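Protein chains in written order, with my numbering: chain S, 93 to 723; chain X, 5 to 484.
Okay, structure first, notes after.
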């Protein structure tokens, strides 16, 4: 199995091609749903098993990275660009998440999307997404990573706008795509700068160059910041987070896979993968931590008052991603990846659970119209509760361990940890615990607020969905016992701790646990018993509530400050003056001229043989005269 | 004895099979015509297999130096066999509907291929000319085959007269070179020129005629006038034949004449090729815009493409020759698919040769629209198709040899070209279908055409193996 890594990447692509071709109108609908399901779920599972095999091989090789060069894409001058895959501890963790959680969500989708008309198209896109995501995490060079990076953007666009007949959903797809483009500009610039100064795009070589004796002649912070701009787009950080909540327009399993568990963590992966740069870029690292903390805080405040079940989870994702960036910013790269892993488990479980709720309620997403579901859909309820406790940081569930380590390093890391950073991150954690339990209470407890008709149809989801929920709930419960930071330490060392702060560790753990339970208590206090206290509180601070409910009116501000001036500029200056007058004028003029020239040139082609022969002979004579003159 | 014949074994087999089919066809009832067809296909397969099996790294000379069997000739012969075989698969239905699916077509095709093979492995002016004439005579008669069509007869007439003129010029040039150097063997001529023993002025005048003859055969401006009329007038199956495999032979002809025999006059022919290349690229692409007939449009596209091929060739080094060779191979692959789709859409009494016949193809068949899209993207040079890499390679070679302004002109010309290629795409995807007749074709035709189209994508993503083959074939044949 020399090309095992290539095979991992290619398996989902095969699924995309076969499903995309055989089962859609494009290829004439040759196969049925059974074939689609088997192929679409079987191939990711095969990729997962293959990844496990690769991990075993990695271990046997003493954790020497496996490299698999698929082929040389181009030789340009003396430089070769290879399509190569690289498998080390970090890649192993990411690939296992992508293929493992990915496979689970594929299986879940088979139940969730059963009634959809475009069943095959859905799975083809989902496989395509997995292919690009694997390209992203397995690629050795930034070039391959970038192809994956853009590819997941494309797949995400296709899936957000999956129900493109609804203009609002199609618009959400466009928004995600455009906002990501802004980030990509930074990413590309960073990539160009790296290639120019380091002379390679292979990420292991870039790290080695920055860790070597002589640093490359480029500011590590500049490169770091440019790449981070790319990361803010893909991983939904301030100021580019606005697309993620709207991305919930896609089918719910898509939100679970792409917009919670895998794609949005690509930015975290990028920074961790290029930790060699960030270790030499204190300014960039400080920016990463600052943006992360700010995002974690603001997104958490917005989540406090949202009433759409998926919107709450979306803002919670943004907030958790912020915490991951805090960890990256203080040099705890392994801890960030640890949180990526646990987050993948419980957030996938939460989204799929939400999907199960929506499925049960025939499409209802407003938690104010739910309530009392605990008895009616017990499996969904139990798994959702476990995942909620996990994200809130209740020990000993998964989220507690990873979040606790983030809080500890944000406080004590010698690479930029500070009390202020810890305070902000802790406040975000407290709010997380609160709004998640609020969600749990409003959805599953209390009296039913459903309409009679909806209530009548409530039903538990099929086994293919609940089974997946159970597996993910189990992982959310015990995932914290994976000692991932320790596993990753040989390649991503944990930052040194300020010696004077060492003795605070136990205190901080105590505070973290206290915060989680405080959030729980506050939610129960406010929302237990018909949520009267919550209503009273809302009545006392209408302004603050309005501000949060309106999500700080960031979308409106962007619209007013950025979109409208841009629109005006592009309409008046670029379109009317630049495009229509200058460009179109020139182009149309040129095209008309070319058409006229083409017309007159065609007229030479009279069909008259003598003319043809004459022209040919004229050519010979001209060549002869020219040669004669040059002898 | 057998060893001495080994280099020409594919040609021998082909000739024997052509005679067999000619005789066999006499006794076959029309319902058994497919016997001849499959015998022909088997022969082509055998020729390809023998070429591969007898391929050796070192060049082998035979018949007192008249013929050379090197990697270059093996590679090009193999591709010619594949191209001709594919062309026959594509044309079968088209010819049958028009009552042209007769033994003569198969025999003439095989003899034309024989001519190409002789040209490809020629090491002397005599064999080069012999191959060229054999090929040309077969093509003239094939264009005229559709006797009831006025356009075809007219095209055949023009092709014949202008072809004779070109042959005459080439022959005249060759005789002058012979007069100046005293030899017909391309390697000996090269040595004489290298030693500075030839008569300079006569040699140069000979060169002018040789280059003119080559330009005629390639269809480079200003010797291109026959191309649109012949492409347009000939039955599409014959246009397909003219537009594909012979380009490989013409490349070999150019390489043996200019790259080997007259290599010492590099600086003189470079100047002429620059003019030919530039005129072809510009004129071909601009004139194509005004065409409404897709065969005519593709004819002008051929002219432009030959200009691009010459762009790589005139770099006159290994990088340039291999880029040019890659370009020709890419062009042949793309051309096969383009005319393949045209013939797929054609049916009795309907040629599908106007651009408007492609209207709304996506509604009628998304798959064939997609294949045609790949073809058009490849011709326009859109990544990641094969055509992109081919254009990239020749432009890189030209830049490497210092012809930067010419490379800029090439890029601008291909920009103009993108207009008319993309217009076909626009017509297919953004206009409504008028014609809703279902597309019918044999299974082998469909499979082959699909593979052909997808190959354009595959080799665009993985160009390196094919490019490597071109470089190795040329390097092993003495072009260093």
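All C-beta atoms, glycine included, are put in the ideal place defined by N, C-alpha and C.
The structure presented is a predicted model; accordingly, all values stated were derived computationally and were not measured.
*Kindly list the residues whose CB is nearer than 6 Å to the CB of residue 193 of chain X, restricted to its own chain and excluding five residues on each side of it in sequence; keep chain order.*
As a working mapping, residue 193 of chain X is identified with position 189 in the second chain. 185, 187, 265.
_residue 338 of chain X burial status per 10 Å Cβ neighbour count (16 or more: buried)_ = On the second chain, position 334 is the one that residue 338 of chain X refers to. Looking at its Cβ environment, which holds 16 or more other Cβ atoms inside 10 Å, residue 338 of chain X is buried.
_Cβ-based burial, residue 549 of chain S [other Cβ within 10 Å; buried from 16]_ = As a first step, residue 549 of chain S is located in the first chain; it is residue number 457 there, counting from the start. Answer is exposed; the Cβ neighbour count stays below 16.
*Report the rounded CA-to-CA distance for residue 559 of chain S versus residue 603 of chain S, giving the unit in angstroms.*
Along the first chain, one-based indexing puts residue 559 of chain S at 467. Along the first chain, one-based indexing puts residue 603 of chain S at 511. Residue 559 of chain S and residue 603 of chain S: Cα-Cα distance of roughly 35 Å.
*Is it a yes or a no for the stretch 450-459 of chain S touching the stretch 395-414 of chain S, going by three-plus beta-carbon pairs under 8 Å?*
The stretch 450-459 of chain S vs the stretch 395-414 of chain S: in contact.
_Rounded straight-line distance, which links the Cα of residue 244 of chain S to that of residue 408 of chain S_ = In the first chain, the residue the question calls residue 408 of chain S occupies position 316. In the first chain, the residue the question calls residue 244 of chain S occupies position 152. So the alpha carbons of these two residues sit roughly 21 Å apart.
*If you compare alpha carbons, which of S:397, S:128, S:497 is closest to residue 634 of chain S?*
The sequence position of residue 634 of chain S within the first chain is 542, counting from 1. Among S:397, S:128, S:497, the Cα nearest to that of residue 634 of chain S belongs to S:397.
_Output needed for residue 553 of chain S: all residues of its chain with C-beta closer than 6 Å, excluding positions within five of it in sequence on either side, in chain order._
Looking up residue 553 of chain S in the first chain gives position 461. Non-local beta-carbon contacts of residue 553 of chain S in its own chain, meaning distances under 6 Å to residues more than five positions away in sequence, involve 448, 451 in chain order.
*asked:* For residue 276 of chain X, would you say it is in contact with chain S, using Cβ-to-Cβ distances shorter than 8 Å as the test?
replied: Your numbering for residue 276 of chain X matches position 272 in the second chain. Chain S contact via Cβ: present.
*asked:* Buried or exposed for residue 494 of chain S, going by 16 or more other Cβ atoms inside 10 Å?
replied: In the first chain, counting from the first residue as 1, residue 494 of chain S sits at position 402. Counting Cβ neighbours within 10 Å, residue 494 of chain S comes out buried, since at least 16 surround it.
*Are the stretch 440-458 of chain X and the stretch 383-395 of chain X in contact at 8 Å, needing three or more beta carbon pairs?*
No, they do not touch.
*Using CA coordinates, which residue listed in S:156, S:242, S:129 is at the minimum distance from residue 203 of chain S?*
Reading the first chain from its first residue, position 111 is the one you call residue 203 of chain S. Comparing C-alpha distances from residue 203 of chain S to each of S:156, S:242, S:129 shows the shortest one belongs to S:129.
_Which of the three DSSP states is assigned to residue 5 of chain X in this structure?_
One-based indexing of the second chain puts residue 5 of chain X at position 1. Caution is warranted here: a pLDDT of 44 is assigned to residue 5 of chain X, below 50, making its placement in the model unreliable, and no coordinate value can be reported.
_In this structure, how does DSSP classify residue 177 of chain S when only helix, strand and coil are distinguished?_
Residue numbering aside, residue 177 of chain S sits at position 85 when the first chain is read from its first letter. Three-state result, residue 177 of chain S: strand.
*residue 343 of chain X and residue 244 of chain X: beta carbons closer than 8 Å?*
In the second chain, residue 343 of chain X corresponds to position 339, counting from 1. In the second chain, residue 244 of chain X corresponds to position 240, counting from 1. Taking 8 Å as the Cβ cut-off, residue 343 of chain X and residue 244 of chain X qualify as a contacting pair.
*Considering only the beta carbon of each residue, do residue 38 of chain X and residue 104 of chain X sit closer than 8 Å?*
Along the second chain, read from residue 1 onward, the residue named residue 38 of chain X stands at position 34. Along the second chain, read from residue 1 onward, the residue named residue 104 of chain X stands at position 100. No. Outside cutoff.
*Tell me where the beta strand (DSSP E) around residue 64 of chain X begins and ends.*
The count along the second chain starts at 1 and reaches residue 64 of chain X at position 60. Element bounds for residue 64 of chain X: 64-66.
*Measuring only between beta-carbons, confirm whether residue 110 of chain S sits less than 8 Å from chain X.*
Position 18 of the first chain holds residue 110 of chain S. Chain X contact via Cβ: absent.
*So, using beta-carbon positions, are residue 577 of chain S and residue 586 of chain S closer together than 8 Å?*
On the first chain, residue 577 of chain S is found 485 positions in, with the first residue counted as 1. On the first chain, residue 586 of chain S is found 494 positions in, with the first residue counted as 1. Yes, these two residues count as a Cβ contact at 8 Å.
*Compute the Euclidean distance between the alpha carbons of residue 5 of chain X and residue 13 of chain X, then round it to the nearest angstrom.*
Numbered from 1 along the second chain, position 1 holds the residue referred to as residue 5 of chain X. Numbered from 1 along the second chain, position 9 holds the residue referred to as residue 13 of chain X. For residue 5 of chain X, the predicted structure reports a pLDDT of 44, less than 50, and the residue's modelled location is therefore unreliable. The matter cannot be settled from this model.
*What's the call for residue 108 of chain S, buried or exposed, on a 16-neighbour Cβ count within 10 Å?*
Translated into positions along the first chain, residue 108 of chain S becomes position 16. Result: buried.
_For chain X, check one thing: does any of its Cβ atoms lie closer than 8 Å to the Cβ of residue 697 of chain S?_
Start at 1 with the first residue of the first chain, and residue 697 of chain S comes out as number 605. Taking a beta-carbon distance threshold of 8 Å, residue 697 of chain S counts as an interface residue toward chain X.
*Give the interface partners of residue 694 of chain S over in chain X, defined as CB-CB distance under 8 Å, in chain order.*
Walking along the first chain from the start, residue 694 of chain S turns up at place 602. By Cβ distance, chain X contributes 291, 294, 295.
*Using a Cβ cut-off of 7 Å, pull out every chain S residue sitting near residue 517 of chain X, in sequence order please.*
Because chain X spans 5 through 484 in this model, residue 517 of chain X falls outside it and cannot be assessed.
*asked:* According to DSSP, simplified to helix, strand and coil, what is residue 167 of chain S?
replied: Position 75 of the first chain holds residue 167 of chain S. In the structure shown, residue 167 of chain S sits in a strand (DSSP, three-state: E or B).
*asked:* One question on the structure: do residue 176 of chain S and residue 191 of chain S come within less than 8 Å of each other, judged by their Cβ atoms?
replied: Here residue 176 of chain S refers to the residue found at position 84 of the first chain. Here residue 191 of chain S refers to the residue found at position 99 of the first chain. Judged by beta-carbon spacing, residue 191 of chain S lies beyond the 8 Å limit of residue 176 of chain S, meaning their Cβ atoms are not closer than that value.
*Taking all protein chains shown into account, decide if residue 685 of chain S is buried (16 or more other Cβ within 10 angstroms of its Cβ) or exposed.*
Translated into positions along the first chain, residue 685 of chain S becomes position 593. Of the other Cβ atoms in all chains shown, fewer than 16 fall within 10 Å of the Cβ of residue 685 of chain S; this residue is therefore exposed.
*Have a look at residue 379 of chain S and residue 231 of chain S and give me their C-alpha separation to the nearest angstrom.*
Mapped onto the first chain, residue 379 of chain S falls at position 287. Mapped onto the first chain, residue 231 of chain S falls at position 139. Rounded to the nearest angstrom, the two C-alpha atoms are 27 Å apart.
*Would you identify the three-state DSSP class for residue 161 of chain S, choosing helix, strand or coil?*
For the purposes of this step, residue 161 of chain S is identified with residue 69 of the first chain, where counting begins at 1. Under the three-state reduction of DSSP, residue 161 of chain S is assigned to strand.
*asked:* What does the Cβ neighbour count give for residue 162 of chain X, buried or exposed, with the cut at 16 atoms within 10 Å?
replied: As a position in the second chain, residue 162 of chain X is number 158, starting the count at 1. For residue 162 of chain X, the number of other beta carbons within 10 angstroms of its own is at least 16, and it is reported as buried.
*Going by DSSP, which residues form a beta bridge with residue 354 of chain X?*
Your numbering for residue 354 of chain X matches position 350 in the second chain. According to DSSP, which records beta bridges pairwise, residue 354 of chain X is partnered with X:351.
*Pairwise C-alpha distance: residue 49 of chain X and residue 308 of chain X*: Working through the second chain from its first residue, we reach residue 308 of chain X at position 304. Working through the second chain from its first residue, we reach residue 49 of chain X at position 45. Residue 308 of chain X and residue 49 of chain X: Cα-Cα distance of roughly 32 Å.
*Return the chain-ordered list of same chain residues with a C-beta closer than 6 Å to the C-beta of residue 212 of chain S, the five sequence neighbours on each side being excluded.*
Working through the first chain from its first residue, we reach residue 212 of chain S at position 120. Answer for residue 212 of chain S: 111, 115, 116, 128, listed in chain order.
*Should residue 480 of chain X be flagged as near chain S, meaning a C-beta pair shorter than 8 Å?*
Here residue 480 of chain X refers to the residue found at position 476 when the second chain is read from its first residue. For residue 480 of chain X, the answer is no, since every Cβ of chain S falls outside 8 Å of its Cβ.
*asked:* According to DSSP, simplified to helix, strand and coil, what is residue 448 of chain X?
replied: Here residue 448 of chain X refers to the residue found at position 444 when the second chain is read from its first residue. If DSSP states are grouped into helix, strand and coil, residue 448 of chain X belongs with the helices.
*With contact counted as at least three CB pairs below 8 Å, one residue from each stretch, are the stretch 342-353 of chain S and the stretch 479-486 of chain S in contact?*
When C-beta atoms of the stretch 342-353 of chain S are compared with those of the stretch 479-486 of chain S, fewer than three pairs fall below 8 Å, so the two segments do not count as touching.
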